[in-house]
Each structure stands twice: as C-alpha cells, then as structure tokens.
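Asks: To convert, note that position 16 of the sequence shown is 26 in the working numbering; the numbers rise steadily by one, no gaps. Just so you know, even glycine gets a beta-carbon here, dropped at the ideal spot from N, CA and C.
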Amino acid sequence: MTPTDIGEGQFRIGQVDQPVNLRMQVGICSFASPDAALLLSLLPAMVVARGEPRLATLMDLVGDETRKARPGRELVLERLLEVLLIEALRCGSGPAAMPSLARGMSDERLVAALRVMHARPAHPWTVSDLAAEAAMSRSAFFARFTSTIGIPPIEYLLTWRMALAKRLLRTRDLAIGQIAAQVGYGSASTFSTAFTRHVGMPPMRFTRVSDTAQ
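Spelled out as structure tokens, the structure:
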C-alpha cells in the first residue's frame, strides 16, 4: 500500500482512521570508508533487542531531534545515529546472536586472535598460530571462530588482507610488490593471482576503475 504522509517525517500505511497497531522507525546508514564492504559482510543480518532501556532512550532522542529544527540538528543526528548503531550491535553480540564480527569482538578468546590478524596482516598466520593466541586447541578455535563470526579464520584473514590491499592500491604510493609484502604475499604475481580471484579483477585494473569512480 502507498504510505500516506501525515507530517513531521511520519507516514501511515493502512486506513488513517483506524487504530495504530505497529510503529516503526526506519533509517539508512551508509559507510564512507572504501572498505565498507568488509564491514558490511561481517555485520549481523538482523539484531533483535528486547528490554534495552539505553536503546529505547536513544530512539526517543533520535525521534525528538528529527522532528525539531534546532541549531546543529544534522550534526547531533549524525552522532546519535552512530551511537544508536553501536548500541544495537552491542545488543546483538550475545551468545544467542547471529554470527558477526561484533560477536567475535566481544569474545575474550577470539578477540586476541582478531587483534593479531589486524595488527600483523603480513605474518604467515596458520590456524594453529591463531589458536595459540586465543589459548585454545586448534579444532576448538576453528569451530568457535567459524560459528561466532560466520566465516573460517583463514578466510577472514584473506578478506582483511584484500581490504588493506584495496586501500593501498587506491593511494598509488606503493608498487604492487611492496603492497604484496605488506599484506602477506611473497611475490607480486602470487598477490595478483589471489587479488584477482578474490576481487574479480587484477590489481592494476582495480586501481584504474577506482580512479574513474572518484
């Protein structure tokens, strides 16, 4: 059904003269980072929050700020929405939540492995190495990482390396061989093959496409 605009950013679906049986707050978040695809792929598809007073307070503040024409409204809304997103992800990081990076970052064992992968992407990490960082057995670590974050540890490491490589390629400050070394590959050809398989195009073509898009 076509929504009816009832003013102050509110829309009504259904008969306007009938009782309201559901209220929804709808919004869109966009990420300015060129590596947004990595973040989005690791966010939960859905977060269900019940009985969360902090989240309810933030929703009230967002609604109030949206309806009022106060000075600095856009800046305040931007900050409120950032905090709202973080608070929602916190609600979705419990044991019963869907697999996501947020759940991994709240797991005291897995976060140790995530930190070393982020800090030292060029290191030749193995599942055994990462399990040792998490103080777990190899099999237990692999199962826990995969079920908590949603992808196996080495696949996550590859995705992280490719995100860093894309960022370095966009800057054009380093040669392909230097970028390869920074993200854990022994040669430019090995890196190019892995990058092409993961991204769908060779590194140099990716750079040209990125330049055109900008």
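Work out the CA separation of L32 and L91 for me, nearest whole Å.
Replies: In the sequence shown, residue 91 corresponds to position 81, counting from 1. In the sequence shown, residue 32 corresponds to position 22, counting from 1. The straight-line gap from Cα to Cα measures roughly 22 Å.
Asks: Taking the C-alpha atoms as reference points, what is the distance between T158 and P131?
Replies: Along the sequence shown, one-based indexing puts residue 158 at 148. Along the sequence shown, one-based indexing puts residue 131 at 121. If you take the alpha carbons of T158 and P131, they lie about 21 Å apart.
Asks: Do P212 and T206 have their C-beta atoms closer together than 7 Å?
Replies: For the purposes of this step, residue 212 is taken as residue 202 along the sequence shown, with counting starting at 1. For the purposes of this step, residue 206 is taken as residue 196 along the sequence shown, with counting starting at 1. Against a cut-off of 7 Å, the Cβ pair of T206 and P212 comes out as a contact.
Asks: Answer yes or no: do C101 and V57 have a C-beta to C-beta separation smaller than 7 Å?
Replies: The residue labelled residue 101 in the question sits at position 91 within the sequence shown. The residue labelled residue 57 in the question sits at position 47 within the sequence shown. In contact: C101 and V57 (Cβ atoms closer than 7 Å).
Asks: Helix, strand or coil for G17, going by three-state DSSP, please let me know.
Replies: What you label residue 17 is simply residue 7 of the sequence shown in a count that begins at 1. Strand at G17.
Asks: Can you tell me where the alpha helix (DSSP H) with T12 in it begins and where it stops?
Replies: Taking the sequence shown and counting its residues from 1, the one referred to as residue 12 is at position 2. Careful: T12 lies outside any alpha helix (DSSP H) and carries neither H nor E.
Asks: Please determine, among G160, D117 and R171, the residue with the shortest C-alpha to C-alpha distance to P134.
Replies: Translated into the one-based positions of the sequence shown, residue 134 becomes position 124. The candidate whose alpha carbon is nearest that of P134 is R171.
Asks: Which residues in the same chain have their Cβ closer than 8 Å to the Cβ of L53, if we skip the five residues on either side of it in sequence?
Replies: Working through the sequence shown from its first residue, we reach residue 53 at position 43. Counting only Cβ-Cβ distances below 8 Å, and skipping sequence neighbours, we find L99, S110, L111 and A112.
Asks: Taking Cβ to Cβ, would you say V193 is nearer than 7 Å to L174?
Replies: Here the question's residue 193 lines up with position 183 in the sequence shown. Here the question's residue 174 lines up with position 164 in the sequence shown. Yes, these two residues count as a Cβ contact at 7 Å.
Asks: Does the distance from the CB of E97 to the CB of L50 come in under 7 Å?
Replies: Looking up residue 97 in the sequence shown gives position 87. Looking up residue 50 in the sequence shown gives position 40. It is not a contact, given that the beta carbons lie outside the stated cut-off.
Asks: Among F155, A129 and V121, which one has its Cα closest to the Cα of V137?
Replies: One-based indexing of the sequence shown puts residue 137 at position 127. When each option's Cα is compared against that of V137, the closest is F155.
Asks: Please state whether DSSP places R218 in a helix, a strand or coil.
Replies: Reading the sequence shown from its first residue, position 208 is the one you call residue 218. R218 falls in the helix class under three-state DSSP.
Asks: Over what stretch of residues does the alpha helix (DSSP H) that includes S147 continue unbroken?
Replies: Locating residue 147 in the sequence shown gives position 137, where the first residue counts as 1. Following the DSSP letters along the chain, one finds S147 in no alpha helix (DSSP H), marked with neither H nor E.
Asks: Our contact map puts K176 next to F216 with C-beta atoms below 8 Å; I'd like the distance itself, whole angstroms only.
Replies: Numbered from 1 along the sequence shown, position 166 holds the residue referred to as residue 176. Numbered from 1 along the sequence shown, position 206 holds the residue referred to as residue 216. The pair is a contact, with the Cβ atoms about 7 Å apart (cut-off 8 Å).
Asks: Nearest by alpha-carbon distance to M214: which of L167, A191, S197 and A185 is it?
Replies: One-based indexing of the sequence shown puts residue 214 at position 204. The option with the nearest alpha carbon to M214 is A185.
Asks: Which residues does DSSP pair with R22 in a beta bridge?
Replies: Here residue 22 refers to the residue found at position 12 when the sequence shown is read from its first residue. Answer is T14.
Asks: Given a cut-off of 7 Å on the beta-carbon distance, is the pair C39 and L95 in contact?
Replies: Counting from one through the sequence shown, the residue named residue 39 turns up at place 29. Counting from one through the sequence shown, the residue named residue 95 turns up at place 85. In this structure, the beta-carbon distance from C39 to L95 falls below 7 Å.
Asks: Count the other C-beta atoms from every protein chain shown that fall within 10 angstroms of the C-beta of G82, then say buried if there are 16 or more, exposed otherwise.
Replies: Within the sequence shown, residue 82 is the residue found at index 72, counting from 1. So G82 counts as exposed.
Asks: Using the rule of at least 16 other Cβ atoms within 10 Å of the residue's Cβ for burial, across every protein chain shown, is I225 buried or exposed?
Replies: One cannot answer for residue 225 here, as it falls past the ends of the chain, which runs 11 to 224.
Asks: Does DSSP put R132 in a helix, a strand or coil?
Replies: As a first step, residue 132 is located in the sequence shown; it is residue number 122 there, counting from the start. Note that residue 132 corresponds to Ala in the displayed sequence, not to Arg. Coil.
Asks: Can you give me the Cβ contacts of D117 inside the same chain, cut-off strictly under 8 Å, excluding the 5 residues immediately before and after it?
Replies: Against the sequence shown, residue 117 aligns to sequence position 107. These residues qualify, in order along the chain: R154 and T158.
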